[in-house]
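To start, the structure under review is shown below, and the notes come after it.
Number of protein chains: 2
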Amino acid sequence: MPRNSDKHERLVEAAKHLIHQQGFGQTTLADIAEESGVPLGNVYYYFKTKDDIASAVIDEHMREFRALAAEWEKQPDPKRRLLAFLDMPSAMRDTVASHGCPVGSLAQELNKEHSPLAQQADNLLKAHLDWVRKQFRELGRADADDLGLQMIATLQGVSLLCNALRDPVIVDRQIKRLRVWLEAL
Amino acid sequence: MPRNSDKHERLVEAAKHLIHQQGFGQTTLADIAEESGVPLGNVYYYFKTKDDIASAVIDEHMREFRALAAEWEKQPDPKRRLLAFLDMPSAMRDTVASHGCPVGSLAQELNKEHSPLAQQADNLLKAHLDWVRKQFRELGRADADDLGLQMIATLQGVSLLCNALRDPVIVDRQIKRLRVWLEAL
DNA sequence: GTCTATACCACGATAGAC
DNA sequence: GTCTATCGTGGTATAGAC
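Order-wise, the sequence lines are chains A and B.
For the first sequence, the tail end lands on 1670 under the working numbering, and the numbers increase by one without skipping.
For the second sequence, the tail end lands on 1670 under the working numbering, and the numbers increase by one without skipping.
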């Protein structure tokens, strides 16, 4: 067990970045070892398999999401919470243009494999969706489930197109549109 | 040069299906050879590299898109052309739930590599986008570019979520919403 | 707990017989 | 043109010294 060392943490952090940039399949254990400054063979002291690293990365994404959600929930009403949520993709516009959405692209990749990792990534995406839907419900919308899906789908689609067209301005424009849409709701 | 043989065609067709189902990285030449009934070593008579096969697959997608577009363009007005366009994802709802959008997921995967294939897949996605934008322009909309992006982004996002949640009904509902939106435009 | 060296295997690609 | 056999590389995972 990792004790007084931060190597475990460094490995997960390196894997998180590399997987976002290169995808899970393209990222080798050697890449992760190098980026985190841990010798290759030593990686197996912390993780039994490559899949275990990916699993830890998804867990980390989930923790980060929960921490952000706790921040957004400090807003006094659901509409402002949703607007706060939109700050996330806005702030990531450049990295989205370069590598897409870290959670959406990972989920899509893992869903092509038959590994149980896919389910875990899907749950992460579902956590985003559920949180947004909850806000729409608190707004009193009977069609909260559809609205939430519409919002997350738009963000995922915009990320994909923004990445394919390599144009961060797409994120700006479409998020602005979503803000207007929210305000008017 | 392939002449009186359909092996070339069978290889591309097999690769197209397998890449959609498993992704490009996960699909091996052995898979493609087996599915198309061509011996492994013989694949290299038709394609110099694995990338060349992917390139041919993307070309094939492009041809199919152009053929469909030619059909849609038989509709008398742009609104009906856009509605006809939406029949495609509707008809594919089950395979989208199983494996995502064949062009969107491929583009996202290839954009994580540094290969020139990414550009080719991006062009395919852009062809879809350009066609839709053209229809909005012919509808007389000054914001045609935004509307087109909004529509393609929605479809891509819906495909991704539908795949992650494994629920084809999501496609039905959201396409229905898009139809209503179009009618009202 | 840490690191080196290496086993082992899958896959892309090639050689060369027919 | 077709197919078999095989090479070489690179990547996951392990053995075992320190």
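We put the beta carbon where it would ideally sit given N, CA and C, even for glycine.
Being a predicted model, the structure only gives us computed values, none of them experimental.
message: Contact between the stretch 1638-1654 of chain A and the stretch 1636-1644 of chain B is defined here as three or more beta-carbon pairs at a separation below 8 Å; is this criterion met?
response: A contact exists between the stretch 1638-1654 of chain A and the stretch 1636-1644 of chain B.
- prompt: For W1557(A), which residues from the same chain have a beta carbon less than 6 Å from its beta carbon, with the 5 sequence-adjacent residues on both sides left out?
  reply: Sequence-distant Cβ neighbours of W1557(A) in its own chain, meaning closer than 6 Å and more than five residues away, are R1566, A1569, F1570.
- prompt: S1590(B) touches chain A at which residues, Cβ-Cβ below 7 Å?
  reply: Those are Q1593, listed as they occur along chain A.
field: Interface residues of chain B facing R1618(A) [CB-CB closer than 7 Å]
entry: In chain order: nothing, as chain B lies at least about 12 Å away.
field: Spatial distance of D1536(B) from G1526(A) (CA atoms)
entry: Cα to Cα, the separation comes out at about 32 Å.
query: At least one CB of chain A closer than 7 Å to the CB of D1607(B): is that the case?
result: Interface residue, yes.
field: chain B residues whose Cβ lies nearer than 8 Å to that of T1639(A)
entry: Taking the beta carbon of T1639(A) as reference, the chain B residues within 8 Å of it are Q1635, A1638, T1639, G1642, listed in sequence order.
query: Name the chain A residues that come within less than 8 Å of K1739(B), Cβ to Cβ?
result: Any answer about residue 1739(B) is impossible in this case: the structure gives chain B only from 1486 up to 1670.
query: Looking at C-beta atoms only, is the number of pairs between the stretch 1613-1625 of chain B and the stretch 1660-1669 of chain A that lie closer than 8 Å three or more?
result: No: fewer than three Cβ pairs fall under 8 Å.
- prompt: Among D1491(A), H1493(A), T1512(A), which residue has its Cα nearest to the Cα of L1591(A)?
  reply: Nearest of D1491(A), H1493(A), T1512(A) to L1591(A), Cα basis: T1512(A).
- prompt: Rounded to a whole number of angstroms, what is the C-alpha to C-alpha distance between P1601(A) and P1524(A)?
  reply: Distance from the CA atom of P1601(A) to the CA atom of P1524(A), rounded to whole angstroms, is 28 Å.
message: Is there a Cβ of chain B sitting closer than 7 Å to that of G1585(A), yes or no?
response: Yes, because at least one Cβ of chain B sits closer than 7 Å to the Cβ of G1585(A).
task: Give the C-beta separation of A1582(B) and I1543(B) to the nearest angstrom, bearing in mind that I take them to be a contact with Cβ-Cβ under 8 Å.
output: At roughly 23 Å, the Cβ-Cβ gap does not stay under 8 Å, so A1582(B) and I1543(B) are not in contact.
Local conformation of M1577(B) per DSSP, three classes: Coil.
- prompt: Taking the alpha-carbon positions, what's the V1588(A) to A1541(A) distance?
  reply: Roughly 13 Å between the two C-alpha positions.
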